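Each residue of the sequence shown is one higher than the one before, counting from 14 in my numbering.
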Amino acid sequence: TDNPIALAIRSAEQALDYAPRMTTLAKRLARRCWPGPVTLVMDDDHPDSVLRQLPQEVQQAVCQNETVGLRVPAHTLILDVLKLMAGPLVLTSANRADEPETVTGDEVAAALGDDVDMILDDGRCQFGQPSSVVRVGNDNRLTILRAGVLGGPMLRRLSSLMVLFVCTGNTCRSPMAEILMKQRIAERLGCTLDELEDRGVLVMSAGIAAMAGGRCATEAALVMRDRGLDLSTHESQPLTERLVRFADLILTMTRGHREAVVAQWPSSANRTFVLGQERDVADPIGGPRDLYAGCAAEIDGLLMNWFDRIDLNSIPTAVEEVQ
14 TDNPIALAIR SAEQALDYAP RMTTLAKRLA RRCWPGPVTL VMDDDHPDSV LRQLPQEVQQ
74 AVCQNETVGL RVPAHTLILD VLKLMAGPLV LTSANRADEP ETVTGDEVAA ALGDDVDMIL
134 DDGRCQFGQP SSVVRVGNDN RLTILRAGVL GGPMLRRLSS LMVLFVCTGN TCRSPMAEIL
194 MKQRIAERLG CTLDELEDRG VLVMSAGIAA MAGGRCATEA ALVMRDRGLD LSTHESQPLT
254 ERLVRFADLI LTMTRGHREA VVAQWPSSAN RTFVLGQERD VADPIGGPRD LYAGCAAEID
314 GLLMNWFDRI DLNSIPTAVE EVQ
């Protein structure tokens, strides 16, 4: 083939062996999209890349234009095989150039005939369409080379920076922290709160013991209204694996909240911190409006300590789709 061949690797962590200069944006996409139908194309010009240890003819096949395509497949058999191998597997489409995609073993056999030695038939492909291919530049420019399974709008959302606040019930502290952080970031970016998502920033909140769909505490809504902020549409949500995996920064209201998050999702430890660092933000639930106002002021002050941790430079500078 004249097209570059992607490599199948075991995990997002292993990608650093192949692309040591992997950007924050690329790491974010890897954490959120893998295992799954997304190939990330990145620069491969680092001298310490394990690609330099591959035979020259293999490097020529997988490293065209000084880039390499990496993917962690969401298939148990392939992942099990990768665990037994010292090197990566190569991935290519199961069809000839400019011919229709094949999605079953019979279609592969009909399309490729004797040119393929063995077919492991696991039924029809889950998505029935090709994987998404995204070029992640060192300048944080995203180029969607093939929209594939996920499509352009979803890939744009997956590339957004995400800050997550966690408390107990997601009705008092974390909703106030969420909207106050939105206000601070919007001021920094020079946009409105409603424009943040289009600017590549998501700020969310959840509770470790929250019920889905609950309204925020009346006092919290009133205190935020005094600040010109609207919590009337807030709906509580429980903390989930997906939220934790997607978050770039997780800020908890107490040390106990952090311990609970890390205990359930150990891989989040290096992204999960206590908002007040050495002190907890006390729960104002059941208290008077003045107590909520004091809690909001405390949270707002603590947020300023975390701006350096929020890498606004990791927001995509541009998202283009090759037609």
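Built from N, CA and C at the ideal position, the CB exists for glycine as well.
All values reported here derive from a predicted model rather than from experimental measurement.
#1: By Cβ distance below 6 Å, which residues in the same chain neighbour Q336 in space, the five residues on each side in sequence not counted?
#2: Using the three-state DSSP reduction, which class does C76 fall into: helix, strand or coil?
#3: According to the Cβ coordinates, are E333 and T52 closer than 9 Å?
#4: If you check the beta carbons only, do M217 and P251 fall under 9 Å apart?
#5: Measuring alpha carbon to alpha carbon, tell me which of V85, R84 and V179 ends up nearest G269.
#6: Just the C-alpha distance for T14 and V103, rounded to the nearest angstrom, thanks.
#7: So, using beta-carbon positions, are P297 and A222 closer together than 9 Å?
#8: Going by CA-CA distance only, name the one from A273, R240, P279 and R284 that's closest to D261.
#9: Where does S145 sit, in a helix, a strand or coil, going by DSSP?
#10: Evaluate the contact criterion for the region 140-147 versus the region 311-322: three or more CB pairs, one atom per stretch, below 8 Å.
#11: Strictly by DSSP, which residues pair up with A19?
#12: Rounded to whole angstroms, what is the Cα-Cα separation between S145 and T246?
#13: Tell me the DSSP secondary structure of R84 in three-state form.
#14: R84 to L206, Cα distance in whole Å?
#15: Buried or exposed: which applies to M98, given that a residue is buried once 16 or more other Cβ atoms fall within 10 Å of its Cβ?
#16: Let's see if you can read the secondary structure: which residues bound the beta strand (DSSP E) around G289?
#17: Write down the C-beta distance between P86 and P48 rounded to the nearest angstrom, noting that I regard them as a contact closer than 8 Å.
#18: In whole angstroms, give me the CA-to-CA distance for E208 and A310.
#19: Within its chain, find whatever has a CB closer than 8 Å to the CB of I132; leave out the 5 residues flanking it on each side and keep chain order.
#20: Cβ of Y31 within 9 Å of Cβ of D57?
#21: Check each candidate in L125, R201, C204 and L264 and name the one with the smallest Cα separation from M189.
#22: By how many angstroms is the C-alpha of Q73 removed from the C-alpha of L90?
#23: Is DSSP giving T253 helix, strand or coil here?
#24: Determine the contact status of R148 and V54, defining contact as a CB-CB distance below 9 Å.
#25: Could you please give me the residues that DSSP links to I263 through a beta bridge?
#26: Restricting to Cα atoms, I'd like to know which of S187, D111, S106 and C46 is closest to M237.
#27: When DSSP labels each residue in this structure, what does G220 get in the three-state scheme?
#28: Which class does L242 belong to by DSSP, given the choice of helix, strand or coil?
#29: Alpha carbon to alpha carbon, what distance is there between A19 and G165?
#30: Out of T267, W278, Q77 and L64, point me to the one whose CA is closest to R258's CA.
#31: Tell me which same chain residues have a C-beta within less than 7 Å of the C-beta of E112, skipping the five on either side of it?
#32: Closest by CA to T12, which one among M266, L215 and G300?
#33: Can you round the beta-carbon distance between L38 and S327 to whole angstroms, since I take them to be within the 8 Å contact cut?
Let's see:
#1: Within the same chain, no residue comes within 6 Å of Q336 by CB-CB distance, once the 5 residues on both sides are set aside.
#2: When DSSP states are grouped into helix, strand and coil, C76 belongs to the coil group.
#3: No, these two residues do not count as a Cβ contact at 9 Å.
#4: No. Outside cutoff.
#5: Shortest Cα-Cα distance from G269 to any of V85, R84 and V179 involves V179.
#6: Confidence is the limiting factor: at T14 the pLDDT is only 49, short of 50, which leaves the residue's position unreliable, though a coordinate-based value still follows. The alpha-carbon atoms of T14 and V103 are separated by roughly 12 Å.
#7: Not closer than 9 Å, so no.
#8: Among A273, R240, P279 and R284, the Cα nearest to that of D261 is on R284.
#9: Strand at S145.
#10: No, because fewer than three Cβ pairs between the region 140-147 and the region 311-322 fall closer than 8 Å, the two stretches do not touch.
#11: L104, per the DSSP bridge assignment.
#12: Taking the straight line from one Cα to the other gives about 34 Å.
#13: Three-state result, R84: strand.
#14: If you draw a straight line from the Cα of R84 to the Cα of L206, it is about 34 Å long.
#15: By the Cβ-count criterion, M98 is exposed, with fewer than 16 other Cβ atoms from all chains shown falling within 10 Å of its own Cβ.
#16: Counting along the chain, G289 sits inside no beta strand (DSSP E), nor does DSSP assign it H or E at all.
#17: Contact between P86 and P48 holds: CB atoms are separated by about 6 Å, below the 8 Å threshold.
#18: Using only the alpha carbons, I get a separation of about 25 Å.
#19: The residues are G118, V121 and A122.
#20: In contact: Y31 and D57 (Cβ atoms closer than 9 Å).
#21: When C-alpha distances from M189 are compared across L125, R201, C204 and L264, the shortest belongs to L264.
#22: Across the structure, L90 and Q73 are spaced so that their CA atoms are roughly 27 Å apart.
#23: In the structure shown, T253 adopts coil according to DSSP, grouped into three states.
#24: In this structure, V54 lies closer than 9 Å to R148 by Cβ.
#25: For I263, the beta-bridge partners assigned by DSSP are L177 and T285.
#26: The residue with the shortest Cα to Cα distance from M237 is S187.
#27: Collapsing the DSSP output to three states places G220 in a strand.
#28: If DSSP states are grouped into helix, strand and coil, L242 belongs with coil.
#29: Annotation: G165 to A19 spans about 20 Å, alpha carbon to alpha carbon.
#30: Comparing alpha carbon positions, the residue from T267, W278, Q77 and L64 closest to R258 is W278.
#31: Beyond the five residues adjoining it in sequence on each side, E112 comes within less than 7 Å, by CB distance, of A124 in the same chain, given in chain order.
#32: The shown model of the chain, from 14 to 336, leaves out residue 12, and the question about it has no answer.
#33: Cβ atoms of L38 and S327 come within 8 Å of each other, at about 5 Å.
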